[in-house]
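Below: one structure, written as structure tokens.
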Amino acid sequence: SAVISQKPSRDICQRGTSLTIQCQVDSQVTMMFWYRQQPGQSLTLIATANQGSEATYESGFVIDKFPISRPNLTFSTLTVSNMSPEDSSIYLCSVEETAGETQYFGPGTRLLVL
Amino acid sequence: AQKVTQAQTEISVVEKEDVTLDCVYETRDTTYYLFWYKQPPSGELVFLIRRNSFDEQNEISGRYSWNFQKSTSSFNFTITASQVVDSAVYFCALMNNNAGNMLTFGGGTRLMVKP
Numbered sequence: 008s009a010v011i012s013q014k015p016s017r018d019i020c021q022r023g024t025s026l027t028i029q030c031q032v033d034s035q036v037t038m039m040f041w042y043r044q045q046p047g048q049s050l051t052l053i054a055t056a057n058q059g060s061e062a063t064y065e066s067g068f069v070i071d072k073f074p075i076s077r078p079n080l081t082f083s084t085l086t087v088s089n090m091s092p093e094d095s096s097i098y099l100c101s102v103e104e105t106a107g108e109t110q111y112f113g114p115g116t117r118l119l120v121l
Numbered sequence: 182a183q184k185v186t187q188a189q190t191e192i193s194v195v196e197k198e199d200v201t202l203d204c205v206y207e208t209r210d211t212t213y214y215l216f217w218y219k220q221p222p223s224g225e226l227v228f229l230i231r232r233n234s235f236d237e238q239n240e241i242s243g244r245y246s247w248n249f250q251k252s253t254s255s256f257n258f259t260i261t262a263s264q265v266v267d268s269a270v271y272f273c274a275l276m277n278n279n280a281g282n283m284l285t286f287g288g289g290t291r292l293m294v295k296p
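Residue numbers (this note's numbering), protein chains in the order written: chain A, 8 to 121; chain B, 182 to 296.
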């Protein structure tokens, strides 16, 4: 399976600021996704990162708050904008090497907003 | 709509005991995929198994085994002779290609294995 890395692994941020999380894959993949896991909760899909076009957001998530880029088949970024303490979560990217196949997850980014 | 239910939020066992984690799913589609992932305290999600809806054969991998029963919409996971390293949160998930390959996760079961 693809090897996935995320930067940063963790961060502590002040409210009102923004943080950009990077997801790098060691091989070209068809699909990339971003998930949020709030403390003690399950995973919720934020959006599908589409290469060369705008991301597809799930209900409850908007581009102004979570802008996503995917400039190529191995890299994506998620920005958490104008952060509040409610944004404190683990953010995970996942990939499918082929659409409809198994999703593999990165190590996650632990974000704490004060 | 898809839904995955893991009724057991937390299970505690003593090392060497067997433990079964329950997973019940809902979907209207005939073609779908079921997954189990493990999330140790480090936070990374580790893929354990993928099963498609047409394959009801049970699977065994070392101390892990999975029982898929379409008649009851269940995909249960058993750990035999549990070990402390099995302590983690386990997630069951459902993928339906008609839903854009979106993974729907259950709420997770926290397993604590005590020495």
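Even glycine gets a Cβ: it sits at the ideal position worked out from N, Cα and C. Remember, it's a predicted structure, so these values are computed and weren't measured experimentally.
- [ ] Quickly, what does DSSP pair B:T201 with across the bridge? List them, please.
- [x] B:T259
Could you tell me the alpha carbon to alpha carbon distance between A:Y42 and B:T212, rounded to whole angstroms? 24 angstroms
- Task: Can you give me the start and stop residues for the beta strand (DSSP E) that B:Q250 sits inside?
- Result: 245-250
Please report the straight-line C-alpha distance between A:V32 and B:T208, rounded to a whole angstrom.
31 angstroms
Simplified DSSP state of B:T253, which is helix, strand or coil:
helix
Would you give the residue range spanned by the beta strand (DSSP E) that A:R77 belongs to? 75-79
Taking only beta carbons into account, state which residues of the segment 103-117 of chain A come closer than 7 angstroms to chain B, listed in chain order. E103, A106, G107, T109, Q110, Y111, F112, P114, G115, R117
Problem set entry | Rounded straight-line distance, which links the Cα of B:T285 to that of A:Y64 | 15 angstroms
Check your understanding: Does any CB atom of chain A fall closer than 8 angstroms to the CB of B:R231?
Key -> yes
In chain B, which residues lie less than 8 angstroms from A:M38 when you measure between Cβ atoms? N282
| Which one or two residues does DSSP pair with A:L99 in a beta bridge? | A:Y42
Review point. Can you find a C-beta in chain A that's less than 8 angstroms from the C-beta of B:L275?
Key: no
* Using a C-beta to C-beta distance shorter than 7 angstroms, which residues of chain B count as neighbours of A:I97? -> G224
message: What would DSSP say about B:N233, mapped onto helix, strand or coil?
response: strand
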